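Keeping their order, the protein sequence lines are chains A and B.
With the first letter of the first sequence counted as 1, position 36 gets the number 36 in our numbering; the numbers rise by one all the way through.
With the first letter of the second sequence counted as 1, position 2 gets the number 2 in our numbering; the numbers rise by one all the way through.
All C-beta atoms, glycine included, are put in the ideal place defined by N, C-alpha and C.
Quick caveat, the model's predicted, so the values are computed rather than measured.
The structure under discussion appears below in the form of structure tokens.
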Amino acid sequence: EGYCPTLKWQQQQVANFSAVRQSLAKHRNHWRSQHLDSNVSMPKSEDEEGWKKFCLGERVYSELDAVSDNENLGVDYIKVGFPPLLSIVSRMNQATVTSVLEYLINWFGEKKFTPELGRWLYALLACLEKPLLPEAHSLIRQLARRCSEVRVLEENKNEERLSALNLIICLVSRYFDQRDLADEP
Amino acid sequence: QSDASDVWDDTALVKAYDKAVASFKNA
Chain A
1 EGYCPTLKWQ QQQVANFSAV RQSLAKHRNH WRSQHLDSNV SMPKSEDEEG WKKFCLGERV
61 YSELDAVSDN ENLGVDYIKV GFPPLLSIVS RMNQATVTSV LEYLINWFGE KKFTPELGRW
121 LYALLACLEK PLLPEAHSLI RQLARRCSEV RVLEENKNEE RLSALNLIIC LVSRYFDQRD
181 LADEP
Chain B
1 QSDASDVWDD TALVKAYDKA VASFKNA
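Structure representation (structure tokens):
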């Protein structure tokens, strides 16, 4: 009790997500043609470790504590991970989207949920085309189940992590029609 | 709102996610 989102909130998230996907489709060609910054080097599709480092950053990947780096005032994306920018995700084909989703779900199966992970999972779900391939179908169900397992262990219902887990469960179950996994308040 | 070109800058997906997460806390 207190952890489960209201039906109204869930319906709103599905509507917003649907609008986000439409805008993504509309702007994809524009962003795909933009030059990437020179420091952005996207790993090859099959490079699981490379993608985990790229998305989550070397700090999270290597499980180092966040240390403030006073000498470097700019953001070092190699350390903190690249965010799912449109100029990056628009270049990913469906096979790559599915592979990276699989790599991050593998990661989440063993490690903590972080904001970086949440942003990438959301972005990859936004890029995932319907109808789902059987492989993607199984992956997103695995993702929602893992979110539920982690949510059960949450001690603080005001945690940002709780709302992120609720969001992912909601999108998988209600946007991608996996209703048996939906929260029924 | 998501159609507005200023919203659809390079970080649009990050903003959409952060807004969705914040909306639960504020609900």
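Residue closest to S138 of chain A, alpha-carbon to alpha-carbon, out of A:L36, A:V172, A:E184, A:K157: A:V172
Whole-Å CB distance - P5 of chain A paired with F24 of chain B, under 8 Å assumed: Sure, about 6 Å apart at Cβ, within 8 Å.
Endpoints, alpha helix (DSSP H) assigned at N106 of chain A: 94-108
Beta-carbon separation (whole angstroms), N16 of chain A vs Y77 of chain A, contact threshold 8 Å: Between Y77 of chain A and N16 of chain A the Cβ distance is about 27 Å, and since that is not below 8 Å, they are no contact.
Distance CB(W31 of chain A)-CB(S90 of chain A) smaller than 8 Å: Cβ atoms of W31 of chain A and S90 of chain A: closer than 8 Å.
Neighbourhood of A164 of chain A by C-beta, 6 Å cutoff - its chain only, sequence neighbours within 5 removed: G118
Rounded separation between K157 of chain A and E149 of chain A - CA only: 15 Å
Cutoff 8 Å: L132 of chain A Cβ touching any chain B Cβ: no
Burial state of E102 of chain A (16 or more Cβ within 10 Å): buried
N-terminal and C-terminal residue of the alpha helix (DSSP H) that W120 of chain A is part of: 115-127
Short-range partners of chain B found in the segment 13-32 of chain A, where Cβ spacing is below 9 Å: Only those residues of the segment 13-32 of chain A whose C-beta falls short of 9 Å from the nearest C-beta of chain B are listed: Q13, N16, F17, A19, V20, Q22, S23, L24, K26, H27, H30, W31.
Closest residue to R146 of chain A among A:L162, A:L132, A:V75, A:L133 (Cα-Cα distance): A:L162
Inter-residue Cα distance where the pair is H20 of chain A and R151 of chain A: Note on identity: in this sequence residue 20 of chain A is Val, with His being the wrong assignment. As the crow flies, the alpha-carbon of V20 of chain A is around 25 Å from that of R151 of chain A.
Backbone CA spacing between I169 of chain A and G74 of chain A [nearest angstrom]: So the two alpha carbons sit approximately 34 Å from each other.
Partners in chain E for Y122 of chain A, counting only beta-carbon separations shorter than 8 Å: Reference to chain E is not applicable here, since the protein chains of this structure are A and B.
Proximal residues, the segment 85-115 of chain A versus chain B, C-beta separation under 8 Å: L85, L86, S87, V89
Below-8 Å beta-carbon distance, N39 of chain A vs any chain B residue: no
Buried versus exposed call for G2 of chain A [16 or more other C-beta atoms within 10 Å across all chains shown]: exposed
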